[in-house]
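J.: I have a structure I would like to understand better, so I am pasting it below and will then ask my questions one at a time.
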Amino acid sequence: MENVNASKSTWSDIFKGSKGTKYSVEDKTVNSSQSSQDSISSSSGSDVKNYRPGGSSMWSKNPKRQCPFYKKMPGTAFAVDAFSYGDVPGITSYFLTHFHADHYGGLTKKFANPIYCSKITANLVKKRLNVPAEYVHALSMRQEHIIDGIKVIFLEANHCPGSVLILFTLPDGRKYLHTGDFRAHPRMELYPNLQNCTIDKLYLDTTYCDPKYDFPMQDDVIQFAVNIAVKAVRENDRTLIICGTYTIGKERVYTAISDALDCKICVLSDKKRVLECLDDSNLMDKIVVGEKSARLHVVSMGKLNPRRLLIYLEELQKIFDNIVAFKPTGWTHNSKVNSLADLKPAIMGRVKIYGNEHSSYSELKRFVQFVHSNGPNVKILPTVNVGNPQQRAFMETHFEKWLSESTSKMTARVKFPQPRKQTPTKRSSQSTQGTSLMQFLKKK
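Quick note, the sequence shown lines up with residues 775 to 1218 if you use the working numbering.
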């Protein structure tokens, strides 16, 4: 009880802060990038407006609104992530890249057209949205499928479970690559289906297409979160670890913590039903429902308010007297972290880690130059933040710069050799995939 009271005192000091200053443990942040439902905000007043990470800023539930051209594949009767526009004229088949609301928005049990998606997404669509199974077609990964005479291949998008890149090949040989939402990685350059593949149109997730949106590699930040959790438990065995999550996403963070602590993961029954859709037996072996004594609890992001966390801790005071809560979120430009030392006060409290599942600026650049190395005439069509003419022009300027640099080097492969297969811990800090954690913190 004495330790719980001490925790209360810690939180009280945090809430007081200085007059006129908005400060709490949540201000201690680690930056990486992983959510399509995360919002971007910046107190510094970003010039980039109407960001809608993970989907188009033009997303609407209005079925009378015209479907944007970049959601329709030319020369086909296909549309991608276009469920909020009613029945789209000329479209007979609908593709869903992943199960995030800004992509499946408008999809209900009344939908009566063919839907093509990955097996995981298909499970979620049927169980969560009650779409009749007769309309939901799960396509296997990395295999060629013929749909209405068009060759279709799904590739892992490194965004959330079940997310896919879609490669379309038309009968006349034209190829379109739609990234959906994705976190570009050098491993994608090793996909056999993309090697020596001439892409004519690249439908690109441009959520963070701005030089100021560059962040450390995904694995670095997850490892940092693991280190904090391990340190907290080592110093106090009565420490509860909490990780925030959305309906789907952030699994990498809490599974990594679970592995490191060799502990079970406590979830609510509804969350368990969602996770069952992922067909991950290793993950399900760790899941327990309502077992409060489990070291690691997974909760919704909305429950990570500091006061609610304190109440949560008080309810479990017979088992735990300390709490560390991780809030994986999208990347913002106004991080307050200057060094790793800034994170020490967060051992008791909430740690906001930027684990974004979208590509950073440098990752986008590298991926585009890789595609350009095989298809010098590729046309890039942004799919996010396209509602603002100034933003479109801003992105076009960067596309032209990337392609010009790639051409001047002969091919992107000259500048970026194909990566060797290696474990995340062996990555060089000079990797061109993104900024290392230490490099990022030094820049801040």
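The C-beta atom is built at its ideal place from N, Cα and C for all residues, glycine as well.
These numbers come from a predicted model, not from an experiment.
Measure from the alpha carbon of Ala977 to the alpha carbon of each residue in Pro1150, Tyr844, Asp1059, Ser1133, then state which is nearest.
T.: The residue you asked about is not Ala; residue 977 is Tyr in the sequence shown. Of Pro1150, Tyr844, Asp1059, Ser1133, the residue nearest in Cα terms is Tyr844.
J.: How would you write the range of the alpha helix (DSSP H) that Glu1050 sits in, first residue to last?
T.: 1043-1050
J.: Tell me where the alpha helix (DSSP H) around Ala875 begins and ends.
T.: 875-878
J.: By DSSP's criteria, Asn1096 is part of a beta bridge. Which residues make up the other side?
T.: According to DSSP, which records beta bridges pairwise, Asn1096 is partnered with Thr1013.
J.: The beta strand (DSSP E) with Tyr977 in it runs from where to where?
T.: 975-978
J.: Is Ile927 helix, strand or coil by DSSP?
T.: strand
J.: For Arg992, count the other beta carbons within 10 Å of its own beta carbon; 16 or more makes it buried, fewer makes it exposed. Which is it?
T.: The displayed chain sequence assigns Gln, not Arg, to residue 992. Gln992 is buried by the Cβ-count criterion.
J.: Just mark Met915 as buried or exposed, buried being the case when its beta carbon has 16 or more other beta carbons within 10 Å.
T.: exposed
J.: With His872 and Cys971 assumed to form a contact (beta carbons below 8 Å), what rounded beta-carbon distance in angstroms separates them?
T.: The Cβ separation is near 22 Å, so there is no contact.
J.: Determine, using beta-carbon pairs with one atom in the segment 944-956 and one in the segment 898-911, whether at least three such pairs fall under 8 Å.
T.: Output reads no: the segment 898-911 does not touch the segment 944-956.
J.: Pick helix, strand or coil for Met847, following the three-state DSSP scheme.
T.: In this structure, DSSP gives Met847 a state outside helix and strand, which the three-state scheme calls coil.
J.: Between Ser1032 and the rest of its own chain, which residues show a CB-CB distance below 7 Å, the 5 nearest in sequence each way excluded?
T.: Ile1039, Lys1060, Leu1070
J.: Identify, in the order they occur along the chain, each residue of the same chain with its Cβ nearer than 8 Å to the Cβ of Val1007, setting aside the five sequence neighbours on each side.
T.: Cβ contact annotation for Val1007 (same chain, cutoff 8 Å, sequence separation greater than five): Thr1013, Ile1015, Leu1035, Arg1069, in chain order.
J.: Once DSSP output is grouped into helix, strand and coil, what is the label at Ser781?
T.: Here Ser781 scores only 43 on pLDDT, less than 50, and its place in the model should not be relied on; the value that follows carries that caveat. Note: Ser781 maps to helix in three-state DSSP.
J.: Who are Met915's beta bridge partners in DSSP?
T.: Phe928
J.: Let's test the definition: count the other Cβ atoms within 10 Å of the Cβ of Leu964 and tell me whether it reaches 16, buried, or not, exposed.
T.: exposed
J.: Which class does Ile1154 belong to by DSSP, given the choice of helix, strand or coil?
T.: strand
J.: Contact defined as beta carbons within less than 8 Å: I believe Lys846 pairs with Lys975. What is the distance between those atoms, to the nearest angstrom?
T.: Rounded, the Cβ-Cβ distance is 11 Å, inconsistent with contact.
J.: Please state whether the Cβ-Cβ distance between Trp1176 and Val1142 is less than 7 Å.
T.: yes
J.: Rounding to the nearest angstrom, what Cα-Cα distance links Ala853 and Leu870 in this structure?
T.: 9 Å
J.: Flag this pair as yes or no: are the beta carbons of Cys1051 and Asn904 separated by less than 7 Å?
T.: no
J.: Does the CB of Ile889 have a neighbour CB from chain B at under 7 Å?
T.: This model lacks chain B altogether, as it is built from one protein chain only.
J.: Starting from Tyr1020 and walking both ways along the beta strand (DSSP E), at which residues does that stretch end?
T.: Segment: none, Tyr1020 is in no beta strand (DSSP E) and carries neither H nor E.
J.: Take Lys901 as the anchor and find which of Gln917, Asp1044, Val1062, Gly879 has the nearest alpha-carbon.
T.: Asp1044
J.: Taking only the alpha-carbon atoms, compute the straight-line gap between Ile973 and Asn967 and give it to the nearest angstrom.
T.: 11 Å
J.: Quick one: using the 10 Å Cβ neighbour count with 16 as the cut-off for buried, is Gly1018 buried or exposed?
T.: Under this definition Gly1018 is a buried residue.
J.: Give me whichever residues DSSP pairs with Leu1087 in a beta bridge.
T.: Answer by DSSP bridge pairing: none, since Leu1087 is not bridged.
J.: Excluding five sequence neighbours on each side, which residues of the same chain lie with their C-beta closer than 7 Å to the C-beta of Thr953?
T.: Ala931, Leu939, Tyr977, Leu978, Asp979
J.: Since Ile996 and Val1027 should fall inside the 8 Å C-beta cutoff, what is the C-beta to C-beta distance between them, to a whole number of angstroms?
T.: 6 Å
J.: Cβ of Phe1094 within 7 Å of Cβ of Val1125?
T.: no
J.: Out of His877, Lys1066, Leu1049, which one is the CA nearest neighbour of Met1058?
T.: Minimum Cα distance to Met1058 is reached at Leu1049.
J.: Closest to Ile894 by C-alpha separation, out of Ala1030, Val1004, Gly936, would be which residue?
T.: The shortest Cα separation from Ile894 among Ala1030, Val1004, Gly936 belongs to Gly936.
J.: Does the beta-carbon of Glu1009 have 16 or more other beta-carbons within 10 angstroms, so that it is buried, or is it exposed?
T.: exposed
J.: Spatial neighbours of Pro945 within its chain, please: C-beta separation below 6 Å, excluding the five flanking residues on both sides.
T.: Gly923
J.: Give the DSSP bridge partners of Val910, in chain order.
T.: Ile889
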